[in-house]
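Trainee: Before I ask anything, let me first share the structure, which is written out below as structure tokens.
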């Protein structure tokens, strides 16, 4: 059956040994009080909560799904109590601003707790995840008054945030939205319009739902430059924060989906709802990007969490499943057959999943670290440097982690054989739940375009050079370690490949703007592979120092999985490089009608 | 929404232009009467049946699923009538032996009809597909008396066959089965045991169900050398072929699965059921392989069919979906945005799916052609040559077509964005329905082992040389065509890569038997890519001759998709080669316990 145990040992390894988080935290005022011991204690408590309260609701939530009845949404059995436990434990404000009642924990730590949440119950986790993004947005862009009014209650989990962007005709292309916001003259606005795919748009978990809504003012310029942002509560909020009348925010229906069935995906109609503007008129999309970037990393972590729980469950299965004998002769001659992990091809699938998961964990922490530096560091140059790295790495974190997470769930399902396809074993749910992470929050294609266009081409590769410089500093620091020479040499080769390819795509794009989209997906995947090679090299550099004196096998395993990554996964860059170099022409040559011949 | 139109033009291209099937058919006694006109007429009628009768039941069948009640299985609404239409149209015996009422159509033709069936309704198609395999098995291994008794009724579809192999503890490793067959003394046997995952093990489509069951005689030697094969009808069959008493074949339950929900996957209990032995005692597994090899190609075609319908539906969606502008400026300035196919990355996904689908179609036909030659050719050397190629290519047809089919359904789903995840659009069903094809009928891992171990290593690469010789004959025949030089050179490079890798794996395996399993998956994928390159080169060689004078655009598109394949897909061999060369050590180094650390 499916099992889940939070990988605390590996989380502590990443936090304390690979990135030495304690030192960083101590060096910044805002995080000075976060000691490694405190971080450990938080992770241990988080493990208990996710393993004991959320994981047991994962499959039942999938079987039951959300129910829509009379305009109301009912979450699966147990979700409400679990949400209460999360709220009462203070987890809803874990990364929140302490000035308004948040716990102020660094992102580097909260990404690890998020991983546990998604692993234990991805559907459930979307509710708090949206709230985290919404509070971050308000903290960054709302007035003092609004922050004081909304943040404490949202950190408590009594009110919960959503993100209302998409309309039926307007998904990726937000310039097309039609939802209107008309000024009432008293500083508030009346919102009218239809939003779709609103995660947690309506449900029974919290006392109130705080929608953050993109809409257009009557005189707004067309396109994305005419989008404003509004806070629209489901129930109106009185001055004393008591709840008032229904604010005409109607749930029209919920979607029937491939997976994440415990997450309510709603049609939300604003039928003359009262809203407050957040930030400047017509600058709403920029403000919303604060939330979207947060959610993009979060959704990346959804991919990781599902990859991890899928791996763990497949290993549980593989230990019990006896089929055939090892190629070198029986390993368990007293049993009718050997456990399936004696077969090299089963190990290949398991190691693929594990190599992705552990690199994804390190990479998410690395991005979390840059987020913390960009927010809390005393030195402006350092903040800027980290913020630029975050901008570069966010689309990779979203797309590459979710692509590898999906791949990990598929590999894990395959290890089960036929049982992997039967619902009772749980493996197939992870595949279905992971698939959405590649689609929502900006499809992975959009992430690839964002990386290639805005984060690479637009600055002539400047952000890429920040990244390669960081890697080269690591290479220089470990250059004298003979145990690292082979890995470092391979990493250097890949860096050179990435740099050369970056230059070529930039040059090609100057001649033809279609080159960005043509290169985007393969370029992001190649970049992701190089970034994961960096993570594996960093992890190996710690492990080589400790493997000999270690009796637990932890560090030895790290080196073995690192080997698998370098030898059996990293070569994928060879193919991706050629695919990028193939350029746009081959993609654009076929006339559009030739794609539709069957429709004639 | 989902749409399906049988790709008749492409099927005719493959059949008549690429492989010149008419010439082959005319050269062999058994197929002499099959003219291209007859084949066309059959495909056109097949298209009508699948588009109009089966496709409309696809999504409703998925939503409704099969129902298990009081030991009986009820298929989704409409399945019974559709099955009747299929039976009455003579389609159940399309490839059957004419001596017993079959239509005797060549495999090369029936693979194309099978593709239509799977594309239109994969769940439904499993019922007739199993019957095709069962009748083939009986035709090859049963006595004259049994053939005369069972085949005509099974070709009529009034009785329908199944395949009963797996038991709860015994999937891949059939040597472990426990189902017993005890001789009654009158030439019949009493079967007792539990089988699981029996596709179509019980349902309401036909008058009787004919189970082909693997079981052990009381004195059977252990392992796979002690397996015999039995025919066990659900209802006993009198001498005059009228139906008699219930034969104690009980359906215990049906599985709840990720997909193919209209296909009943049954627990079947033989509770003292009467059976007849087929073939020799203890030689049942070899006989069953006649059916399994048939089903393996058939399941490959399931991957193709689902890839095709997913592609078609995604293109339908993409034509209507307007989001953002083309990178070079508006293509439809009169509309609020351009159709999404203006974006290179959307085209990349569409072309990937299409390049796979069209190569899979050609490859399935190529394998079908070898099957026909191996069965019907007058020259024994030719028959042997073709049979050896079939042995080599069957695992590739099963694993590579289904892997690429799954990839195609995922690419197609991604083109839809969020709609791809919502059930109403149908794209997500194709992903779920395609996923099983990588798992059942021998997991794709098992196919890879079969290729690497039995089909490559065991004969020292002899079968591989038959294949490369065939490709080199094509290369020689087109060597003087300047339009083919670049493609041919790339194909030759890939052939050399395949040959060198084959030699290396054979050599490595002599030193370490684990090398087979370590290389298997990547080797099969590399082989598949080379085989598809051969298919694309063959298709291109026809198209280059006709593209200039063609106004339909068909041949021009062929060359453009071929280009996409050669430039943006085939480079994957570079990565796979390195992964194979990495060898077994990296996979086997980690102690088993290190995979299970979270279970401690």
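Protein chains in written order, with my numbering: chain A, 114 to 713; chain B, 114 to 713. Where is the CB? At the ideal position from N, CA and C, for every residue including glycine. None of these values were measured; they are calculated from a predicted model.
Could you give the distance in angstroms between the alpha-carbon of residue 548 (chain A) and the alpha-carbon of residue 544 (chain B)?
Mentor: If I take the Cα positions, the gap works out to 10 Å.
Trainee: To which residues does DSSP link residue 296 (chain B) through a beta bridge?
Mentor: In DSSP, residue 296 (chain B) forms a bridge with B:302.
Trainee: Would you identify the three-state DSSP class for residue 370 (chain B), choosing helix, strand or coil?
Mentor: Residue 370 (chain B) falls in the strand class under three-state DSSP.
Trainee: Would you report the Cα separation of residue 451 (chain A) and residue 286 (chain B), rounded to the nearest angstrom?
Mentor: Roughly 10 Å between the two C-alpha positions.
Trainee: Where are the alpha helix (DSSP H) runs, 4 residues long or more, that stay fully inside the segment 509-569 of chain A, in chain order?
Mentor: Within the segment 509-569 of chain A, the complete alpha helix (DSSP H) runs of at least 4 residues are 540-548 and 557-562.
Trainee: Three or more C-beta pairs under 8 Å: does that hold for the segment 371-388 of chain B against the segment 302-318 of chain B?
Mentor: The answer is yes - the segment 302-318 of chain B touches the segment 371-388 of chain B, with three or more Cβ pairs under 8 Å.
Trainee: Can you check whether the CB of residue 414 (chain A) is closer than 8 Å to the CB of residue 554 (chain A)?
Mentor: Not closer than 8 Å, so no.
Trainee: Applying a beta-carbon distance threshold of less than 7 Å, which residues of chain B neighbour residue 561 (chain A)?
Mentor: Within 7 Å Cβ-Cβ: 458.
Trainee: Which first and last residues belong to the beta strand (DSSP E) in which residue 202 (chain A) is found?
Mentor: Looking at the DSSP string, residue 202 (chain A) is not in any beta strand (DSSP E), and its letter there is neither H nor E.
Trainee: Distance, Cα to Cα, residue 724 (chain A) vs residue 635 (chain A)?
Mentor: It is not possible to answer for residue 724 (chain A), since the shown part of chain A is limited to 114 through 713.
Trainee: Ignoring anything shorter than 4 residues, give me the alpha helix (DSSP H) runs that lie fully in the segment 420-500 of chain A, in order along the chain.
Mentor: Correct list: 457-489.
Trainee: Quick check on the burial criterion: 16 or more other C-beta atoms within 10 angstroms. Buried or exposed for residue 665 (chain B)?
Mentor: The residue in question, residue 665 (chain B), is exposed, as its Cβ has fewer than 16 Cβ neighbours within 10 Å.
Trainee: From the beta carbon of residue 537 (chain A), is the nearest beta carbon of chain B less than 8 Å away?
Mentor: Cβ-Cβ to chain B under 8 Å: yes for residue 537 (chain A).
Trainee: Quick one: which residues of the segment 668-687 of chain B get their C-beta closer than 7 Å to a C-beta of chain A? List them in chain order.
Mentor: Under the 7 Å Cβ criterion, the segment 668-687 of chain B contributes 670, 673, 676, 677, 680, 681, 684, 685 and 687.
Trainee: Check this for me: beta carbons of residue 426 (chain A) and residue 116 (chain A), under 8 Å apart or not?
Mentor: It is a contact, given that the beta carbons lie within the stated cut-off.
Trainee: Can you tell me which of the three DSSP states residue 155 (chain A) falls into?
Mentor: Residue 155 (chain A): helix per DSSP, three-state reduction.
Trainee: So what does DSSP say about residue 57 (chain A), is it helix, strand or coil?
Mentor: Absent from the model: residue 57 (chain A). The displayed extent of chain A is 114 to 713, so no value can be given.
Trainee: Quick check on the burial criterion: 16 or more other C-beta atoms within 10 angstroms. Buried or exposed for residue 598 (chain B)?
Mentor: Residue 598 (chain B) comes out exposed.
Trainee: Go ahead and pull the three-state DSSP assignment for residue 271 (chain A).
Mentor: Coil, per DSSP.
Trainee: What is the C-beta distance between residue 380 (chain B) and residue 364 (chain B), in whole angstroms, given that I count them as a contact (C-beta under 8 Å)?
Mentor: That pair is a contact at about 7 Å.
Trainee: Using the Cα positions of residue 631 (chain A) and residue 429 (chain B), report the straight-line distance between them to the nearest angstrom.
Mentor: Their Cα atoms are separated by approximately 22 Å.
Trainee: Answer yes or no: do residue 307 (chain A) and residue 382 (chain A) have a C-beta to C-beta separation smaller than 8 Å?
Mentor: For residue 307 (chain A) and residue 382 (chain A), yes; Cβs fall inside 8 Å.
Trainee: Is the CB-CB distance between residue 143 (chain B) and residue 214 (chain B) below 8 Å?
Mentor: No, the Cβ-Cβ distance between residue 143 (chain B) and residue 214 (chain B) is not below 8 Å.
Trainee: Skipping 5 residues on each side, what residues in its chain have a beta carbon closer than 7 Å to that of residue 467 (chain A)?
Mentor: Correct list, in chain order: 424 and 674.
Trainee: In terms of residues, what are the limits of the alpha helix (DSSP H) holding residue 241 (chain B)?
Mentor: First-last of the alpha helix (DSSP H) with residue 241 (chain B): 235-254.
Trainee: Are the beta-carbon atoms of residue 198 (chain B) and residue 249 (chain B) separated by less than 8 Å?
Mentor: No, Cβ-Cβ distance for residue 198 (chain B) and residue 249 (chain B) is not below 8 Å.
Trainee: At least one CB of chain B closer than 8 Å to the CB of residue 697 (chain A): is that the case?
Mentor: Chain B contact via Cβ: present.
Trainee: Report the neighbours of residue 437 (chain B) on chain A: residues whose CB is nearer than 7 Å to its CB, in chain order.
Mentor: What residue 437 (chain B) touches in chain A: 285 and 286.
Trainee: Please state the DSSP three-state secondary structure of residue 328 (chain A).
Mentor: Strand.
Trainee: Residue 736 (chain A) by DSSP, collapsed to three states: which one?
Mentor: Here chain A has residues from 114 to 713 only, and residue 736 (chain A) is not among them.
Trainee: Would DSSP call residue 357 (chain B) helix, strand or coil?
Mentor: Strand at residue 357 (chain B).
Trainee: Can you pull the chain B neighbours of residue 552 (chain A), defined as C-beta to C-beta under 9 Å?
Mentor: Result: 526, 527, 529, 530, 531, 533 and 534.
Trainee: Could you tell me whether the Cβ of residue 310 (chain B) comes closer than 8 Å to any Cβ of chain A?
Mentor: Yes, residue 310 (chain B) lies at the interface with chain A (some Cβ there is under 8 Å from its Cβ).
Trainee: What does the alpha-carbon distance come out to for the pair residue 234 (chain B) and residue 179 (chain B)?
Mentor: Cα to Cα, the separation comes out at about 14 Å.
Trainee: The beta strand (DSSP E) spanning residue 597 (chain B) covers which residue range?
Mentor: Element bounds for residue 597 (chain B): n/a, residue is neither H nor E.
Trainee: Closest by CA to residue 557 (chain B), which one among B:508, B:656 and B:212?
Mentor: It is B:508.
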